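First the structure, in the form of structure tokens, and then the observations on it.
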Amino acid sequence: MYGDYFSLKERPFSLTPDPDFLFLSESHQRALDHLLFGLESGDGFIVVTGDIGVGKTTVCRALLRRLPERFATALVVNTLLTEKELLRTVLEDFGVTVPGGTRKDLLDALNRFLRFHLLAEAEIGRRPVLIIDEAQNLAPSLLEQVRLLSNLETEKRKLLQIVLFGQKELQEKLRLPQLRQFDQRITVRATILPLDLRETSRYIQHRMSVAGASGSAFLSPAAERLIHRRSRGVPRRINQLCDRALLAACVRNAARVEREDVVRAAESLFGGSKGVGWAAWPWRWFRLGRGGAA
Ligand SMILES: Nc1ncnc2c1ncn2[C@@H]1O[C@H](COP(=O)(O)OP(=O)(O)OP(=O)(O)O)[C@@H](O)[C@H]1O
Ligand SMILES: [Mg+2]
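If you count the sequence shown from 1, position 89 lands on 88 in numbering that gives the first Met the number 0, and the numbers rise without skipping.
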């Protein structure tokens, strides 16, 4: 709606995890480096965790783009599956014709596929990697199944490398006594953190530029600070706030987003003034008391 107004080619703050918009904060960069390095060095088991909306799926898609050709990947995004469905999905994603029959038939098919790749790697050069997003939803029995897949190995190396992305509950799940063995298998762990204030500002500028905006400073410094506080640095919340605030600025016919636009955006998104944070209030009243706009 405000696209023409700000001369944009596309929506800058869409909620889809589009890797074209990837912004590498220190922690996103570190997670991606750990993933690429871990997979290159043949690490069996990698787990990436982070808060809701912090950018796990975005990093996962960026990883898929950056992994060299020599990796064959299977991506599982629906984690509310039975054990057989999980095996079936993995096989299908690796492009294997899925046999009917028992769980054992499926496991045998996967084993054949992995051993074929191991033997043929020198010629066709592809290493199988299983990536599971939303892994916090995997039932403990399914996590156990995943662990068993990670057991497929020769004397020298793993046949299948596994990467799990999940919200913080995944970490809690992995501490359950029945999953201790699973936890011990993890060779690389990375956590994606929310953005700090400086990163939030660069993130907003980056997304605007990718969307085709020329110039800079689409938001006043006070607007950026409020976006950072109300989003707590979580990119999905930053996107929601920026989208509404840009619309509010456009409706006002203004050239940039002011703090008041963010206040309005936050109210319409999250309701009232809840969550503004205590620190904002004395300051607001102080400003009002002196006749300034909060
Ligand atoms: N590093 C980043 N660069 C650009 N955009 C990002 C980044 N991280 C997150 N986003 C944006 O934030 C939103 C949420 O990202 P994403 O879906 O990847 O989060 P998530 O951690 O997978 O969330 P959930 O916990 O719900 O699975 C998306 O619109 C995405 O484009
Ligand atoms: Mg996700």
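Heads up, the beta-carbon is just placed ideally off N, CA and C, and yes, glycines get one too.
Just so we're clear, the structure is a prediction, and the values are computed from it rather than from any experiment.
Contact annotation, Arg125 with Ala61: C-beta distance approximately 20 Å; criterion of less than 8 Å not satisfied. Secondary structure of Phe5 (DSSP, three-state): coil. Taking 9 Å as the cut-off, the beta carbon of Leu31 is found no closer than this to the beta carbon of Val128.
If you look at Gln160, you'll find it in the beta strand (DSSP E) that goes 160-165.
For Thr56, no beta strand (DSSP E) segment is defined; the enclosing uninterrupted segment is the alpha helix (DSSP H) at 55-65.
With respect to the C-alpha of Gly41, the residue from Lys55, Ile161, Leu113 having the closest C-alpha is Ile161. Secondary structure at Arg126: strand, using DSSP grouped into helix, strand and coil. Distance from the CA of Met207 to the CA of Asp3, rounded to the nearest whole angstrom, comes to 13 Å. For Gly49, the pairing in a beta bridge is given by DSSP as Ile191. With respect to Ile45, Thr78 sits apart: the two C-beta atoms are not nearer than 9 Å. By the neighbour-count criterion, in which a residue is buried when 16 or more other Cβ atoms sit within 10 angstroms of its Cβ, Arg64 is exposed.
Distance from the CA of Glu9 to the CA of Met0, rounded to the nearest whole angstrom, comes to 10 Å. Judged by their CB atoms, Leu106 and Leu86 are nearer to each other than the 9 Å cut-off.
Take the alpha-carbon of Ala138 and the one of Ile203: they are about 37 Å apart.
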